[in-house]
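Colleague: First to last, the protein sequences are chains A and B. The opening residue of the first sequence carries number 826 in our numbering; numbering runs sequentially from there. The opening residue of the second sequence carries number 99 in our numbering; numbering runs sequentially from there.
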Amino acid sequence: MAGREFSVYMSGVGGQGLVLLSNIIGAACARAGVRAITGEQHGLSQRSGSINVHMRIGERVRSPLIPIGGADAILALEALEALRYVEYLRPGGIVLMNSRVQHPVSETAGHMKDKQAKYFSAEDVRSRLLQVTDKVSVLDALGLAREAGSPMAENIVMLGALSTVEAFPVPGDVLRASVAENVPKKAVEVNLKAFDLGKGKAREHLCTLVKCRE
Amino acid sequence: MVSVGASDVVREGPARAFMLCNEAIVRGAIEADVKVVSAYPGSPTTEILDTFSAVAPSFDYRMEISANEKVALETCAGASMAGLRSITSMKSVGLNVASDAFYSLSYTGVKGGLVIVVADDPQAHSSQSEQDGRYFAPTAYVPMLEPSDPTEAMRMVKAAFDISERHGVPVLLRTTTRVNHQSGVVEVGTISRKPFAKLPWDHPPGRFVTVAEAARNFKFAMLERARRLEEEFEGSDLNVLHDTGSDTGVVTSGAGYNYAVDACRELGIGPSVLKLGTTYPLPRGLIAEFLKGLKTVVVVEELSPYLELHVTAIAKDANPSVRVVGKLSGHFSEALEYSPNIVVDAIAKAMGITPPVDYAAVMAKAKELKQGLGERWPTFCPGCPHRASLHALRQALKGVKHVVATDIGCYSMSFLDPVNYGDTLLCMGASLGVAAGLQYAVDRKVVAIIGDSTFYHAGLPGLVNAVHHGDDFTLLILDNEVTAMTGQQPNPGSAVNAGERPAKPLVLENVVRGLGVEDLTIADPYDVKGAASKLKEALSRKGPNVVIMRRACALHSDRLKRRRGERIESNEVSKEACRRPYTCVRDFHCPAISIDDGDRRTVISQELCDRCDVCAKLCPFGSIRRREGG
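#1: Compute the Euclidean distance between the alpha carbons of lysine 463/B and valine 455/B, then round it to the nearest angstrom.
#2: So, is glycine 560/B buried or exposed, given that buried needs 16 or more other C-beta atoms within 10 angstroms?
#3: Classify glycine 851/A: buried if its beta carbon has 16 or more other beta carbons within 10 angstroms, exposed otherwise.
#4: Counting Cβ pairs, one atom from each stretch, are 3 or more of them under 8 Å apart for the segment 135-149 of chain B and the segment 260-271 of chain B?
#5: Helix, strand or coil, according to DSSP, for valine 442/B in the structure here?
#6: According to the neighbour-count rule (16 or more other Cβ atoms, all chains shown, within 10 Å of its Cβ), is tyrosine 233/B buried or exposed?
#7: For the alpha helix (DSSP H) holding asparagine 120/B, just list the boundary residues, first then last.
#8: Note down, one range per segment and in chain order, each alpha helix (DSSP H) of at least 4 residues found wholly within the segment 227-261 of chain B.
#9: Given that threonine 933/A touches chain B, what residues does it touch there, using C-beta distances under 8 Å?
#10: According to the neighbour-count rule (16 or more other Cβ atoms, all chains shown, within 10 Å of its Cβ), is valine 395/B buried or exposed?
#11: Counting only Cβ pairs nearer than 7 Å, list the residues of chain B close to tyrosine 944/A.
#12: So glutamine 280/B contacts chain A; which residues on that side make the cut at Cβ distance below 8 Å?
#13: Using a beta-carbon distance cut-off of less than 8 Å, what residues from the segment 140-154 of chain B approach chain A?
#14: Starting from the beta carbon of phenylalanine 430/B, find every residue of chain A whose beta carbon is closer than 8 Å, and list them in chain order.
#15: Taking any Cβ of chain B, which residues in the segment 896-917 of chain A have a Cβ under 7 Å from it, in chain order?
#16: Chain B partners of glycine 874/A, CB-CB under 7 Å?
#17: Whose CA, out of Cys119/B, Val153/B, Lys133/B, Leu147/B, lies closest to the CA of arginine 109/B?
#18: May I ask you to list, following chain order, the residues of the segment 843-861 of chain A that have a beta carbon less than 9 Å from some beta carbon of chain B?
#19: So what does DSSP say about phenylalanine 945/A, is it helix, strand or coil?
#20: Using a cut-off of 9 Å between C-beta atoms, extract the partners of methionine 835/A located in chain C.
#21: Could you pull out every residue in the same chain whose Cβ sits closer than 6 Å to the Cβ of valine 195/B, ignoring the five residues on either side in sequence?
#22: So with Cβ pairs under 8 Å, would you call methionine 922/A a contact of chain B?
#23: Can you list the residues of chain B that valine 883/A reaches, using a CB-CB cut of under 7 Å?
#24: Give the straight-line distance between the Cα atoms of leucine 426/B and proline 403/B, rounded to the nearest whole angstrom.
#25: Tell me whether the beta-carbon of leucine 573/B lies closer than 8 Å to the beta-carbon of leucine 613/B.
#26: Please list, in chain order, the chain B residues whose beta carbon lies closer than 8 Å to that of methionine 983/A.
#27: Apart from the five residues on each side of it in sequence, which residues of its chain come closer than 7 Å, Cβ to Cβ, to glycine 837/A?
#28: Residues of the segment 944-973 of chain A in Cβ contact with chain B at a cutoff of 9 Å, in chain order, please.
#29: Do you know offhand how far glutamine 587/B's Cα is from glycine 974/A's?
#30: Are the C-beta of glutamate 830/A and some C-beta of chain B separated by less than 8 Å?
#31: Kindly indicate if chain B contains any beta-carbon less than 8 Å away from that of methionine 826/A.
#32: Using three-state DSSP, classify isoleucine 451/B as helix, strand or coil.
#33: Our contact map puts glutamate 705/B next to proline 929/A with C-beta atoms below 8 Å; I'd like the distance itself, whole angstroms only.
#34: Does methionine 461/B come within less than 8 Å of chain A when only Cβ atoms are used?
#35: Please report the residue range of the alpha helix (DSSP H) in which tyrosine 404/B lies.
#36: Roughly how many angstroms lie between the CA atoms of alanine 861/A and valine 1008/A, to the nearest whole one?
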């Protein structure tokens, strides 16, 4: 493992379980003997604000913040948040994004005044992102989470998809075990199913864009 | 919110765990056998309090979630004067509140180790200012340690207790947001704690009394103590020198160190690095030695040029020809937090190197790509009673000229887009004092808004003052039962305190009446019409009067519901009934409500709705109702 570095810029909307997701990855790193640091955002406990976690894996990284243009991947739990931090993506980096859009209240306020206004859509985000990378994969994480048994498992669906990426330096089975260890006891089964569904879905599209594990 | 690391805090070591720095600080204090913990929540330190609270049942330390930071520090002071080890944590501005006790405590000193974690917030992520708390240390002659990451924070907490006890002085552990909110893989040690035991008070009378002659004597002792501390820090392994033989050097500490190391790697340069862990007293001899033979020294620190001014002064004798690169040279700003690219750019410019990435070009491209992307500011959660309270206040003040003095809490966000409400905001409790001044100065109705936790923290003297002077304003106390913004911690109105142990809940209306307020109204913000009319009446009367808007924080009550196994219901909009008056959007701005791109009717997100039902009560056409099975 030593020497391999990988930075993931993780973004979403308050309430989607982004910090839990980064803790699950971090705990997996601790178990696998991989060095990882994160720069997290806590403090405003409100739901519905834009949030992010900088996740950096590698023996030599010191800064908990990813440099501009330094993220190997963006993992977005909400579609608009995939674009909000696009400056962090390195050219040709991977974007793994949820298709779900949570419309910001500022946009809705505009809609009330302008009858022609259209919301920014997941497709808008995807087409903009394609200007800087050819590796954009969109996932219906909410649908898969519901299929797994709980809409709250969107974050784990996304993790399952990320786990397939070969360059991501944490073994998939260790990630899966970390999910089981770190979600609430009664939600383990649902979350493991969510992880597997995300992984399966990634094989259909993400893995046609980037090299995946067997 | 306690993350998964909390279980690692109690785990027997040695072991490896992924921990938030704030959790590592708690682990360090537990390994150092801390016996008394007392704090008021404040970002970015809140998870220290939360973690201590979460793991309290596993240990025998005594803990209070205090009414404010001053009481918290004084509680630690009492315990440490007696001889127990104690710790408190607070945000930058929290130390302003506690500073009265802080300065005197340095005079009297302590017996048991006392550690004060104080976290500055460059970028003012969740604070009202970018205050640089490092200046507390030299002005109070209190030693200060600065970690860069969780591993170091854990080690420094233990060192801080040791220094505190050996020198009889409280020790500051100074962090910044990007240190507190950094997680990493930490090797935890063994936990070996002595059973809690009360101590005799064996100090001579007056030992901890500082005034006049006693204060003058303490001052001389304090100066001598600072001298001894500096001597000790000259050889301390908390300061790390990495000598590469280069004629360029970097002096740094805390978060700056992380960026500096990565920046040098990015730029392919290998300067010598002096990482300072003891930033007061500064090891001036060590710095002087480091400067000798250097052509250029880059000082990497956020906020004020604290290290830089010292480095410049030391260079005057040690190496007058060295070029100091920092804020005073114009390479770095005193505003906002640093980032890897800011440090790369500054060092590259100073060294005449071209940075590997043209960050400005990347940012320009990103800006172009983000055209039309709506801002997503923090806002009131679905179901938040503050949204309903502010809506009712707007209704009640329709046609009335007014000015609103607001305070620190979730309701502070009301000034952000698209709510845009509130005229003044200074610091905890200031709404009352500012309102007192406004009622002398303005030709209109004066309204003050404060939350229950902030009221107990710093609002009480303001209300005493207003009652005594008959100040003419109306105070709204938004009582949501918890300290909501920092994660719904208990406050003096709660029936529990740290570790969910039972505590006596103060009855807010009794407190208000007890302070002499005769005109008191209580309203439920979810009762849309009732709340607005009660407010209207109260606002029409001469102040001082108080309206308590009472309804539990939605996140808090949802958590309790889930714990009881209850479902969170949701509402939906009837397409047939909706005639698009947008009453549920205008001045309301709930994240669960959006407008359909096609038929322009409103839509309620099942995932986000909390079914507070306030929007349903606002709708003139009754088009919002409970979702069946939702």
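Each residue gets a CB set at the ideal place from its N, CA and C atoms; glycine is no exception. Remember, predicted model here, so these are calculated numbers, not experimental data.
Modeller: In this structure, then:
#1: Sequence index remark: in the second sequence, residue 463/B carries index 365 (1-based). Sequence index remark: in the second sequence, residue 455/B carries index 357 (1-based). So the two alpha carbons sit approximately 13 Å from each other.
#2: Start at 1 with the first residue of the second sequence, and residue 560/B comes out as number 462. Buried, by the Cβ-count rule.
#3: The residue given as residue 851/A occupies position 26 in the first sequence. When all chains shown are included, glycine 851/A counts as buried.
#4: no
#5: Along the second sequence, read from residue 1 onward, the residue named residue 442/B stands at position 344. Three-state result, valine 442/B: helix.
#6: Within the second sequence, the letter at position 135 stands for residue 233/B. Its Cβ having fewer than 16 others within 10 Å, tyrosine 233/B is exposed.
#7: The residue given as residue 120/B occupies position 22 in the second sequence. Where asparagine 120/B is concerned, the enclosing alpha helix (DSSP H) stretches over 119-129.
#8: 234-238
#9: Walking along the first sequence from the start, residue 933/A turns up at place 108. Result: Val683, His687, Ile691, Ser692, Ile693.
#10: Within the second sequence, the letter at position 297 stands for residue 395/B. That one is buried.
#11: Translated into the one-based positions of the first sequence, residue 944/A becomes position 119. Chain B residues near tyrosine 944/A: Asp695.
#12: The sequence position of residue 280/B within the second sequence is 182, counting from 1. Result: Ile862, Thr863, Gly864, Glu865, Pro889.
#13: Ser141, Pro142, Thr144, Glu145
#14: As a first step, residue 430/B must be located in the second sequence, where it is residue number 332. Here the premise fails: no neighbours, minimum Cβ distance about 16 Å.
#15: Leu905, Leu908, Arg909, Val911, Glu912
#16: Within the first sequence, the letter at position 49 stands for residue 874/A. Simply Arg474, Trp475, Pro476, Thr477.
#17: Here residue 109/B refers to the residue found at position 11 of the second sequence. Closest by alpha carbon: Val153/B.
#18: Val844, Leu845, Ser847, Asn848, Ile849, Ile850, Gly851, Ala852, Ala853, Cys854, Ala855, Arg856, Gly858, Val859, Arg860, Ala861
#19: Within the first sequence, numbered from 1, the residue matching residue 945/A stands at position 120. In the structure shown, phenylalanine 945/A sits in coil (DSSP, three-state: anything other than H, G, I, E or B).
#20: Considering every chain present, this structure includes no chain C. Its protein chains are A and B.
#21: Residue 195/B sits at position 97 when you count from the first residue of the second sequence. Taken in chain order, the residues that qualify are Asn166, Glu167, Lys168.
#22: Position 97 of the first sequence, counted from the first residue, corresponds to residue 922/A. False, the Cβ-Cβ gap to chain B never drops below 8 Å.
#23: Taking the first residue of the first sequence as position 1, residue 883/A is located at position 58. Reading the sequence as shown, one finds glycine at residue 883/A and not valine. Ordered by position in chain B, no residue passes the 7 Å Cβ test against glycine 883/A, which lies about 11 Å from the chain.
#24: Residue mapping note: residue 426/B aligns to position 328 of the second sequence, counting from 1. Residue mapping note: residue 403/B aligns to position 305 of the second sequence, counting from 1. Computed Cα separation, rounded: 7 Å.
#25: Walking along the second sequence from the start, residue 573/B turns up at place 475. Walking along the second sequence from the start, residue 613/B turns up at place 515. Not a contact, by the Cβ cut-off of 8 Å.
#26: Mapped onto the first sequence, residue 983/A falls at position 158. In chain order: nothing, as chain B lies at least about 16 Å away.
#27: Within the first sequence, residue 837/A is the residue found at index 12, counting from 1. Correct list, in chain order: Leu843, Ile876, Ala901, Leu902, Glu903, Glu906.
#28: Tyr944, Phe945, Ser946, Asp949, Val950, Arg953, Leu954, Gln956, Val957, Leu967
#29: Here the question's residue 587/B lines up with position 489 in the second sequence. Here the question's residue 974/A lines up with position 149 in the first sequence. For glutamine 587/B and glycine 974/A, the distance between alpha carbons rounds to 31 Å.
#30: In the first sequence, counting from the first residue as 1, residue 830/A sits at position 5. Not one chain B Cβ lies under 8 Å of glutamate 830/A.
#31: For the purposes of this step, residue 826/A is taken as the residue at position 1 of the first sequence. With a pLDDT of 41 at methionine 826/A, under the threshold of 50, the modelled position of that residue is not reliable, and the figure given next carries that caveat. No, its Cβ sits nowhere closer than 8 Å to a Cβ of chain B.
#32: Residue 451/B sits at position 353 when you count from the first residue of the second sequence. Of the three classes helix, strand and coil, the one that applies to isoleucine 451/B here is coil, per DSSP.
#33: Within the second sequence, numbered from 1, the residue matching residue 705/B stands at position 607. Within the first sequence, numbered from 1, the residue matching residue 929/A stands at position 104. Their Cβ separation, rounded to whole angstroms, is 15 Å, which puts glutamate 705/B and proline 929/A out of contact at 8 Å.
#34: As a working mapping, residue 461/B is identified with position 363 in the second sequence. Answer yes: the Cβ-Cβ gap between methionine 461/B and chain A drops below 8 Å somewhere.
#35: Within the second sequence, residue 404/B is the residue found at index 306, counting from 1. Here the alpha helix (DSSP H) through tyrosine 404/B covers 404-416.
#36: By 1-based counting over the first sequence, the position of residue 861/A is 36. By 1-based counting over the first sequence, the position of residue 1008/A is 183. Those two C-alpha atoms are separated by around 20 Å.
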